[in-house]
Structure formats: C-alpha cells, structure tokens
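The block underneath contains the structure these notes are about, expressed in structure tokens.
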Amino acid sequence: MNTCYNYLVILSVFWNGFERIEGACTFPTTWDGTWYDSSLTAADVTFNKASLQVTSGWTITAYSSTVSTWTCVDHDSSSNLILFKGDQHVNLFSSLQNAFRCLKYTKMSDGKYIYYVYADIQVNANNARVHIESHDPSVTTYTISSTYCNPSDLSTEEYAVLVQASQTSAAKVYFPTPFLGTFAYTHNDGSSTTCGSGSVWDVCTDRQIMTVNYTQCATKQFFSTGGESYCVYYTSSGSTYYTTVLNTDSTVDFSTTYRFTCYAVTSSGSTVYASDSKGQCERSQSPTTKQSDGTGTLVFTPYVTCPFTTDEPASASSLGLIIAIVVVLLLLIIAVIVGFILYKKFKGQHKTMHQTLRENQEKVSLEELSPRDATAIDIPEKKQLEPISVPVANGVETSTSGNPPLPPIRH
C-alpha cells in the first residue's frame with residue numbers, strides 16, 4: 001500500500017512539473033526591441049526576447065513603490081494569455097508584495113498587437129490594472145490561472161495598442177465613419193473654446209491619416225507638434241467609436257507630446273462629437289465629456305464627408321481572401337477554356353485519324369486487287385428472248401425459231 005502511494009506521489013510531482021514546462025514562457029515572435037504602447041505613457045516599451053523581460057516602459061507605482069521592469073513567467077499561446085511578474089517588490093507597510101500584469105492579446109499583424117490587461121483596478125496603484133499579492137520566497141514558479149488573469153469587470157474601450165517602432169506606417173487602418181470628412185471644428189478645454197470658422201481637420205485626403213492645419217488654429221491636437229496622426233485601431237460600443245491614433249512626430253517628450261491619443265467619437269446628424277484621452281481611452285469615456293487626462297471636447301461641422309459604404313473597406317485578411325477567391329475562379333475559368341480547347345483538338349485529331357484509317361483501309365483494299373480482278377466484269381445471265389412472228393406473203397406466219405407455227409388468222 002505504501003509503495004503504491006509513493007508511486008502516486010512521484011507521478012503527481014512529475015505531472016505537475018510537466019505542466020509547468022508546457023506553460024514555460026516564450027514571447028510572440030516579433031516581441032523584441034522598441035515598441036510603442038498606448039497603455040502606459042511615460043516611455044516607449046523595450047522587449048528583450050533573450051531574457052524574456054520588459055526592460056523599460058511599464059512603470060507602475062503602487063503603495064509608494066515603483067515597479068519598472070518585468071519578467072515573463074508564463075505564456076499560454078492557445079488562449080493568447082501572457083503573464084509578467086514585476087522584478088521589483090512592492091513594499092506594503094514593510095511587507096513585500098509581488099506585482100503581476102496578465103495580458104490578453106490579439107495579433108493584428110507582425111508589428112501590431114491589441115491587448116487588455118486581465119487584472120482588476122488597483123486604487124493604490126494609481127488605478128492601474130495590476131494584481132498584487134504577498135511575496136512568498138518558497139514559490140519560484142507562477143502559472144496562468146484565475147488568480148492572476150481574471151478581471152471582475154473590463155470594458156470594451158479599455159484596450160491598449162502595441163506598435164513596433166519600425167512598423168508605424170504599416171500599422172495604419174481606415175478611420176471609422178464619423179471621422180471620415182474634412183471639418184471645421186471647435187475645441188473646448190473645459191473653460192474656453194478655440195478654433196471654429198476657417199479651421200481645417202482633414203481625414204478625406206487620406207482616410208487613414210488625420211491632419212489639422214495649425215495655421216488656421218494653433219490649438220495642439222492629439223498631443224502632436226506636426227499635426228498629423230495615423231489611425232491604428234478602433235472598436236465600437238453602441239453608437240460610440242473608440243479610436244486610437246498614433247502621432248507621427250519623429251520624437252515625443254512624454255510631457256507635452258505623446259505617442260497615442262484615444263478618441264471617443266459619435267455623430268448626430270451631420271455633427272460629430274469627440275473627447276480625447278492621452279494614451280488609451282478611459283473607462284466609460286464619453287464623447288461629450290472632458291477626460292481627466294485629455295485636452296477637452298471637440299465638435300466637428302463637415303465641409304465635406306467621404307464615408308465608405310461600410311465603416312471600413314475590406315481588411316487585409318478579407319482582401320487576401322477576396323483575391324484568393326478571384327484567383328481560384330480565374331484558374332477554374334482557364335482550366336475550362338484549356339479543357340475545351342484540348343477537347344476540340346482531340347476530337348479533331350480523332351476525326352482525322354478515323355478518316356485517315358478509313359481511307360487507308362480503302363487504299364489497302366484497292367492495292368490487294370490483281371490486274372485480272374480489276375478488269376473482270378460480271379456478265380449478266382443470258383435470258384431466252386421471246387420468238388418474233390414475221391408475216392409472209394401467203395398469210396402464214398413462220399417462226400424463226402424451231403417451234404411449230406401458230407394457226408392462221410381467220411378473216
């Protein structure tokens with residue numbers, strides 16, 4: 001009995017160890033080097049794929065302690081969950097705590113990811129979504145579970161965008177319908193209104209690029225010096241679109257200029273309303289309410305609109321599918337045409353061959369005739385002609401044949 005129990009214990013330990021090996025951390029293929037992240041706006045993010053660390057950009061302050069670097073401790077690629085543990089401890093009244101960030105990510109392209117932080121909001125961490133628990137020195141492995149990756153509430157607009165620094169142009173997508181136009185606009189910072197008549201906000205020249213003309217109105221938009229940004233992602237909830245734009249300034253200082261701005265935007269008739277937020281959208285962000293980390297609210301009046309028939313043209317994956325279908329159809333058409341041509345050709349060859357064979361057979365038949373055969377003529381069977389009666393002078397018919405004469409005709 002004890003031996004059996006020992007075997008079961010050993011098997012249990014082995015299986016647990018096997019599960020943890022299966023859950024060992026790896027980074028998505030392109031997570032290396034500098035990336036732009038809309039979730040935390042103090043710096044760009046640096047991934048180190050070799051050490052499985054985030055070495056800059058994710059700085060969180062909790063209970064007066066700062067966590068600035070993070071190490072990946074588990075990755076479940078089947079559910080797109082990845083778990084990071086802070087390399088620095090959080091000091092809570094002299095008690096050490098561990099900090100964790102669990103990300104639920106979606107790959108949009110090699111150079112762009114969307115993710116949600118799967119943790120509850122921590123009031124003592126400046127309302128960041130982070131999981132904090134007591135540090136236990138005896139625990140050296142951590143796995144993805146409901147302990148670390150189970151937020152009690154999470155809203156659609158709380159997504160974050162990751163864009164590889166070298167792939168900003170490739171990250172562009174089309175703006176949602178409310179933004180598709182060239183507008184005059186007003187900006188209200190909560191105390192005063194600027195811009196208005198003559199101002200120009202353009203998303204028609206290129207429906208993936210937003211530009212403002214600072215000559216008409218100098219009020220800075222989307223935290224940009226140059227006045228240009230790319231749409232990199234949007235989603236919607238009800239009639240509100242949450243739209244993230246990426247500032248195309250070559251450098252930002254992370255104090256007056258930033259990489260990302262998120263707009264909550266909606267429309268009523270031809271008028272468009274929007275509010276902005278530095279980095280990612282705020283929870284429950286309203287298009288008509290100034291946000292705590294935003295510059296204010298905007299009202300747009302169109303000079304002209306340029307919507308698509310749907311909110312967005314075919315995405316890259318849909319376009320690829322359409323192209324593939326068209327190619328397949330073209331190949332099928334070509335195959336039918338080639339098949340028809342080959343059929344006609346084969347049929348012609350078959351007919352010609354059949355005719356040639358028949359002519360050859362006839363030729364062979366003629367060639368097999370001997371000269372005698374060729375000149376031989378079938379003579380019809382000789383028939384006996386009926387005798388002809390010839391009248392004579394004495395009135396008696398005589399026969400030219402050997403038959404007896406007919407009786408005389410009486411007058």
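When the count follows my numbering, it moves up by one through the sequence shown with no breaks and lands on 411 for the last residue.
Where is the CB? At the ideal position from N, CA and C, for every residue including glycine.
These figures come from a predicted structure and were not determined experimentally.
In terms of CA proximity to G181, I209 leads the group I209, L154, S155.
If the five residues before and after I121 are omitted, its C-beta is found closer than 6 Å to the C-beta atoms of N127, R129, all from its own chain and listed in chain order. Where V130 is concerned, there is no enclosing beta strand (DSSP E), because DSSP gives it neither an H nor an E. Two segments are said to touch when three or more pairs of C-beta atoms, one from each, lie closer than 8 Å; by this definition the stretch 146-158 does not touch the stretch 268-275. With contacts defined by Cβ atoms closer than 9 Å, W58 and Q164 do not form a contacting pair. Shortest Cα-Cα distance from S270 to any of S199, V299, L96 involves V299. Excluding five sequence positions before and after K290, the CB atoms of its chain that fall closer than 8 Å to its own CB belong to N188, D189, G190, S275, G296, T297, given in chain order. Residues of the same chain with a CB within less than 6 Å of the CB of A170, apart from the 5 flanking positions on each side, are G111 in chain order.
Exclusion of the five residues before and after K278 leaves T41, F223, Y258, T261, D293, G294 as the residues of its chain whose Cβ lies within less than 7 Å of its Cβ.
Shortest Cα-Cα distance from F183 to any of C25, V73, S192, S199 involves S199.
Secondary-structure assignment with DSSP links K107 through a beta bridge to Y113. If you draw a straight line from the Cα of C204 to the Cα of E228, it comes to about 13 Å. With at least 16 other beta carbons inside 10 angstroms of its own, A160 counts as buried. In the structure shown, G33 adopts extended strand secondary structure according to DSSP, grouped into three states.
Within its own chain, the residues whose Cβ lies closer than 7 Å to the Cβ of D87, once the five positions on either side in sequence are excluded, are T69, W70, T71, listed in chain order. Going by C-alpha positions, S236 is about 13 Å away from R283. Spatial neighbours of D249 in its own chain (CB-CB distance under 7 Å, excluding positions within 5 residues in sequence) are listed in chain order as S224, T225, G226, T257. Rounded to the nearest angstrom, the gap between the Cα atoms of D206 and F179 is 12 Å.
No Cβ-Cβ contact shorter than 9 Å links Y241 with Y230.
In this structure, K172 and V117 do not form a Cβ contact; the two beta carbons are roughly 25 Å apart against a cut-off of 8 Å. Taking the Cα of Y105 as reference, the smallest distance to any Cα among N98, T30, I114, P302 is reached at I114.
Nearest neighbour of Q280 by Cα position, chosen from I144, L162, A62, Y63, turns out to be L162. Taking 3 residues as the minimum length, the beta strand (DSSP E) runs contained wholly in the stretch 224-309 are 228-237, 240-247, 260-268, 271-278, 297-305, in order along the chain.
Nearest neighbour of S134 by Cα position, chosen from L52, T143, L92, turns out to be L92.
Counted as a single uninterrupted DSSP element, the beta strand (DSSP E) harbouring V90 occupies residues 90-92. Secondary structure note for W58: it is in no beta strand (DSSP E), with a DSSP letter that is neither H nor E.
In the three-state reduction of the DSSP assignment, Q167 falls in the helix class.
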